[in-house]
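Take a look at the structure set out below.
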Amino acid sequence: MRYFLLSVLVLFFGFTDVRADAIDQIVRSETIRIGVRASTPPFSFVDDEGVPRGLAVQLCQRVVTSLERQLGVDKIEIEYVKVDSLTRFDVLENREVDLHCGPMTITLARREIVDFSIPYFIDGIGAALRRGGVQQVADLNGQPIGALAGTTSVALAESLSEATGSKLIEFASYEAGLRALGDGMIDIYFGDHGVLQFQLDALKQKNRLIPIKVSDEQLTYEPYGIAMPAGERRLRLEVDRALSEAYRSQEIFVELERAFGAFEVTDLTTIIYGVTALPD
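Each residue of the sequence shown is one higher than the one before, starting from 21 at the first, in our numbering.
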């Protein structure tokens, strides 16, 4: 009988998910694992000294400070994990990171596999154009185009590719796509509008004559959120708590200026953060 009960217990626990949630693991290890993008300034990037920076990283650091206070932990160490536009989903699904702190659009399809915080920024797909090439998206007629692999800009580029007969080339980084555009390999490069402009500005610091501009036209409007593995209800609550505190105190505008430099606070920006902040 004793062996029978032991066998039942082994079978029961063998088929039961007894995994602790992220909050329990963070408290036990006093460590949080944060996924960062290496080259998507001003939201998430690694500087020349190997230090993660950018708006999303700054906000996640605020989350960690809030977690220390809420959980009563003196110090939570941050373990940064480098990801890219493709691997970011795998590390979340495999629970190799607790948070993804980089530009990631909140979509219904993505919410099937990961959870998101409240939005922390509104961006959208933009188009980088080459002097001497197509000067607006509406003029596209068979010319090759590019987009950053693993992003929502690929879907838009695919639809334009089918409608216009344009060949679509996917790139592993913004810089690679912009260089291909400058070299004439493609006529339009699609990506997140804010990141495109920031990356182009960085390239022009090295070469002011680079024949590229980012169109003023924003093709979509997309909310960015901090992502985490699906089902992490307690962690999502604490992330939303920290973000809401930053919005209500208006310290979000301090973080925006740190990340973007001189930042124009429009009435719309103020309204967006005021509406997005959750009350206690």
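We put the CB at the ideal spot given by N, CA and C, even for glycine. These numbers were taken from a predicted model, which means no experiment stands behind them.
Cβ neighbour criterion (16 or more within 10 Å) applied to residue i
{"i": "Val295", "result": "exposed"}
{"i": "Val274", "result": "exposed"}
{"i": "Gln78", "result": "buried"}
{"i": "Leu198", "result": "buried"}
{"i": "Gln270", "result": "exposed"}
{"i": "Glu113", "result": "exposed"}
{"i": "Gln219", "result": "buried"}
{"i": "Pro299", "result": "exposed"}
{"i": "Val154", "result": "buried"}
{"i": "Leu288", "result": "exposed"}
{"i": "Leu276", "result": "buried"}
{"i": "Leu128", "result": "exposed"}
{"i": "Ile46", "result": "buried"}
{"i": "Thr125", "result": "buried"}
{"i": "Ile246", "result": "buried"}
Residue i Cβ short of 7 angstroms to the ligand FAD heavy atom set
{"i": "Ala175", "result": "No copy of the ligand FAD occurs in the structure displayed, which carries no ligand at all."}
For residue i: DSSP bridge partner residues
{"i": "Phe109", "result": "Partner(s): none; Phe109 has no beta bridge."}
{"i": "Arg268", "result": "Arg268 pairs with nothing; no bridge assigned."}
{"i": "Pro72", "result": "Val66"}
{"i": "Lys102", "result": "Val56"}
{"i": "Thr125", "result": "Tyr244"}
{"i": "Gly150", "result": "Note that residue 150 is Arg in the sequence shown here, rather than Gly. Answer is Ile232."}
{"i": "Phe280", "result": "None; Phe280 has no bridge partner."}
{"i": "Thr51", "result": "Glu97"}
Cβ-Cβ separation, residue j to residue i (assumed contact under 8 angstroms), whole Å
{"i": "Arg12", "j": "Ile52", "result": "In the structure as shown, the chain begins at 21 and stops at 300. Residue 12 is therefore absent and cannot be evaluated."}
{"i": "Pro62", "j": "Ile142", "result": "Incorrect: roughly 14 angstroms between the Cβ atoms, too far for contact."}
{"i": "Leu119", "j": "Met248", "result": "5 angstroms"}
CB contact below 8 angstroms: residue i versus chain C
{"i": "Ala279", "result": "Here chain C cannot be found, since the structure has a single protein chain."}
Quiz item: Pairing CB atoms from the stretch 41 to 51 with CB atoms from the stretch 251 to 260, are three or more of them under 8 angstroms?
Solution: Contact holds between the stretch 41 to 51 and the stretch 251 to 260, because three or more Cβ pairs, one in each stretch, are under 8 angstroms apart.
Quiz prompt | the stretch 148 to 168 in contact with the stretch 204 to 215 per 3-pair CB rule at 8 angstroms | solution = These segments touch.
Exercise. Within the stretch 165 to 230, note down every full beta strand (DSSP E) run reaching 3 residues or more, in order along the chain.
Key: Taken in chain order, the unbroken stretches of beta strand (DSSP E) that lie wholly in the stretch 165 to 230 and span 3 residues or more are 165 to 168, 188 to 191, 208 to 212.
Quiz item: Is it true that the stretch 86 to 94 meets the stretch 104 to 122, where meeting means three or more beta-carbon pairs spaced less than 8 angstroms apart?
Solution: In this structure the stretch 86 to 94 does not lie against the stretch 104 to 122, because fewer than three pairs of beta carbons, one per stretch, are closer than 8 angstroms.
Exercise. Determine, using beta-carbon pairs with one atom in the stretch 155 to 163 and one in the stretch 215 to 229, whether at least three such pairs fall under 8 angstroms.
Key: The stretch 215 to 229 and the stretch 155 to 163 do not touch, with fewer than three beta-carbon pairs separated by less than 8 angstroms.
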